[in-house]
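Asker:
Residue numbers (this note's numbering): 228 to 422.
What follows is the structure in structure tokens.
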């Protein structure tokens, strides 16, 4: 299915107004990319984060982006026009430049976008987890090659990582092992590779 990606360039204050216009059309989900929020998160040392995408702070040149994805059907076209009309009626320059960009996106593009962040991962002393689409040099480690879904089976979850670390310390050769999870079976693969 195709969607219209509507991006409104505004500021922190304007994002509230634009969000109100979007929700008034019956759309309940939209995203706000505010560099001030990200900088506040980075400055707060009590909040853990895994990674920050390179260039994330500079890609908006200080502007706040409000993005919404609208289906390209009769209802979506009506919502899109009402949003653009509502934004055009905002007066005053205290809301940023209120520039609107539109792009057509296909939901199939989103299905594999997460893959760009999944690379070989060394776990413990003996394992390296790698997706089938990546190459790696195992350096004597046991390679767990998997094709994970977008949220399971990557080995990045703390529970999975801790279980693999514990598994490598156990004598599992010729032993029955139960991997009672809901992911890719990465623990069972690790146990099998250990005998």
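Glycine included, C-beta positions come from ideal geometry on N, C-alpha and C.
Using three-state DSSP, classify residue 304 as helix, strand or coil.
Answerer: For the purposes of this step, residue 304 is identified with residue 77 of the chain shown, where counting begins at 1. Reduced to three states, the DSSP call for residue 304 is helix.
Asker: If distances are taken between C-alpha atoms only, which option among 352, 307, 415 comes closest to residue 245?
Answerer: Mapped onto the chain shown, residue 245 falls at position 18. Per the Cα distances, 307.
Asker: Any idea what DSSP makes of residue 350, helix, strand or coil?
Answerer: Your numbering for residue 350 matches position 123 in the chain shown. In this structure, residue 350 counts as strand in the three-state DSSP scheme.
Asker: Quick check: the Cα distance between residue 362 and residue 292, rounded to an integer number of angstroms?
Answerer: Looking up residue 362 in the chain shown gives position 135. Looking up residue 292 in the chain shown gives position 65. Each residue's Cα considered, the two are about 36 Å apart.
Asker: Between residue 263 and residue 239, is the Cβ-Cβ spacing less than 7 Å?
Answerer: The sequence position of residue 263 within the chain shown is 36, counting from 1. The sequence position of residue 239 within the chain shown is 12, counting from 1. Yes; because the gap between Cβ atoms is below 7 Å, this pair is in contact.
Asker: Determine the DSSP secondary structure at residue 230, reduced to helix, strand or coil.
Answerer: Stepping through the chain shown from its first residue, residue 230 is reached at position 3. DSSP places residue 230 in strand when its eight states are reduced to three.
Asker: Does the pairing of the region 341-354 with the region 322-331 give three or more beta-carbon distances under 8 Å?
Answerer: Flag = no, the region 341-354 and the region 322-331 do not touch.
Asker: Using DSSP with H/G/I as helix, E/B as strand and the rest coil, what is residue 397?
Answerer: Within the chain shown, numbered from 1, the residue matching residue 397 stands at position 170. Here residue 397 sits in coil by DSSP.
Asker: What did DSSP end up calling residue 267 once you bin it into helix, strand or coil?
Answerer: The count along the chain shown starts at 1 and reaches residue 267 at position 40. In the structure shown, residue 267 sits in a helix (DSSP, three-state: H, G or I).
Asker: Under the three-state reduction of DSSP, which class applies to residue 262: helix, strand or coil?
Answerer: Taking the first residue of the chain shown as 1, we reach residue 262 at position 35. Here residue 262 sits in helix by DSSP.
Asker: Run through DSSP, which three-state label would residue 373 get?
Answerer: Here residue 373 refers to the residue found at position 146 of the chain shown. Three-state DSSP puts residue 373 in a strand.
Asker: Taking only the alpha-carbon atoms, compute the straight-line gap between residue 345 and residue 374 and give it to the nearest angstrom.
Answerer: On the chain shown, residue 345 is found 118 positions in, with the first residue counted as 1. On the chain shown, residue 374 is found 147 positions in, with the first residue counted as 1. Using only the alpha carbons, I get a separation of about 10 Å.
Asker: With a cut-off of 8 Å, do at least 3 Cβ pairs link the region 250-257 to the region 294-310?
Answerer: In short, these stretches touch, since the Cβ pair count reaches three.
Asker: Could you tell me the distance, in whole angstroms, from the CA atom of residue 273 to the CA atom of residue 266?
Answerer: Counting from one through the chain shown, the residue named residue 273 turns up at place 46. Counting from one through the chain shown, the residue named residue 266 turns up at place 39. Between residue 273 and residue 266, the C-alpha separation is close to 14 Å.
Asker: Between which two residues does the beta strand (DSSP E) holding residue 327 run?
Answerer: What you label residue 327 is simply residue 100 of the chain shown in a count that begins at 1. Counting along the chain, the beta strand (DSSP E) containing residue 327 begins and ends at 326-333.
Asker: Do residue 310 and residue 249 have their C-beta atoms closer together than 7 Å?
Answerer: Taking the first residue of the chain shown as position 1, residue 310 is located at position 83. Taking the first residue of the chain shown as position 1, residue 249 is located at position 22. Their beta carbons are under 7 Å apart, which means residue 310 touches residue 249 by this criterion.
Asker: Quick check: the Cα distance between residue 251 and residue 290, rounded to an integer number of angstroms?
Answerer: For this step, residue 251 is matched to residue 24 along the chain shown. For this step, residue 290 is matched to residue 63 along the chain shown. Straight-line Cα distance between these residues: approximately 23 Å.
Asker: Can you tell me the Cα-Cα spacing of residue 261 and residue 399, whole angstroms?
Answerer: What you label residue 261 is simply residue 34 of the chain shown in a count that begins at 1. What you label residue 399 is simply residue 172 of the chain shown in a count that begins at 1. So the two alpha carbons sit approximately 50 Å from each other.
Asker: In the DSSP assignment, find the alpha helix (DSSP H) that holds residue 251 and state where it starts and stops.
Answerer: The residue you call residue 251 lines up with position 24 of the chain shown. From DSSP, the alpha helix (DSSP H) with residue 251 extends over 239-251.
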